[in-house]
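Add 147 to the 1-based position in the sequence shown for my numbering, that's all there is to it. Positions of the beta carbon are idealized from the N, C-alpha and C atoms, including for glycine. On a predicted model such as this, the values are computed, not experimentally measured, just so you know.
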Amino acid sequence: MGRWWPAPPMWLEGRMYLEWLRLIRDPVFRGDEVPPGLGRPVLLVPGFLAGDWTLRTPYDWLKRMGYRPRMAGVAFNVMYSEVMLRPLIDTLTALHRRTGARVSLVGHSRGGVLAKVLAHRRPDLVEQVITLGSPLKDPFDVHPITMAGVHAAHVYNLMRYGHPASVE
148 MGRWWPAPPM WLEGRMYLEW LRLIRDPVFR GDEVPPGLGR PVLLVPGFLA GDWTLRTPYD
208 WLKRMGYRPR MAGVAFNVMY SEVMLRPLID TLTALHRRTG ARVSLVGHSR GGVLAKVLAH
268 RRPDLVEQVI TLGSPLKDPF DVHPITMAGV HAAHVYNLMR YGHPASVE
């Protein structure tokens, strides 16, 4: 069951607004003493039940710091991993081809797991993998509400594709 028992109360999610305010006041967020990105490419991969819009803040920061960030093109991260990986590999390949440089992958939560698989499959295209809150040691170390979303996504995918997910 992971470490989420007993589950933290949902009201703690309200902290995100205070945390965001602290973030935008931080010297690193302003770019103080941050080395320039020098146009290096970065692919951002959102987490489970999320889309590109959830990574807008790091996208904007990377752009301001001189990187070439690219969103993954994910509207709602609920598909089977194999279905998710096909367009991610295409996006990674296109970004590498366009920039001529190996790409840094930044993945949040499940996006970090997908980024790790991308790096394993295409190490020739990947510079590094950076994960943010990704369950790399225990894929089931998630909040019970998130696990309910996993079950709902499983039912959705089963109805859409007609078979259970294959495991990477």
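* How many angstroms separate the CA atom of K210 from the CA atom of P216? -> Between K210 and P216, the C-alpha separation is close to 6 Å.
* V175, buried or exposed, once every other Cβ within 10 Å from all chains shown has been counted against 16 -> So V175 ends up on the exposed side.
* To do: Figure out for me which residue from P183, A248, D237, M163 has the closest Cα to the Cα of E274.
  => E274 has its Cα closest to that of A248, out of P183, A248, D237, M163.
* Mind pulling the beta strand (DSSP E) runs of 3 or more residues that sit fully within the region 180-235? -> For the region 180-235, the full-length beta strand (DSSP E) segments reaching 3 residues or more read 188-192, 215-218 along the chain.
* Asked: Out of R307, G213, A241, which has the shortest C-alpha to C-alpha gap to V181?
  -> In terms of Cα proximity to V181, the closest of R307, G213, A241 is G213.
* Got a sec? Which residues, its chain only, sit under 6 Å from L305 by beta carbon, not counting five neighbours each side? -> Within its own chain, no residue has a Cβ closer than 6 Å to the Cβ of L305 once the five positions on either side in sequence are excluded.
* Return the bridge partner residues of V253 from the DSSP annotation. => Paired residues: L191, I277.
* **Residue nearest to L242 in terms of C-alpha spacing, selected from A299, R162, L191, T201** => Of the candidates A299, R162, L191, T201, the one whose C-alpha sits nearest the C-alpha of L242 is L191.
* Are G254 and T278 touching if we call contact CB-CB under 8 Å? -> For G254 and T278, yes; Cβs fall inside 8 Å.
* Count the other CB atoms within 10 Å of the CB of F195; is the residue buried (16 or more) or exposed (fewer)? -> F195 comes out buried.
* Asked: Which residues mark the beginning and the end of the alpha helix (DSSP H) in which L165 is found?
  -> Here the alpha helix (DSSP H) through L165 covers 162-172.
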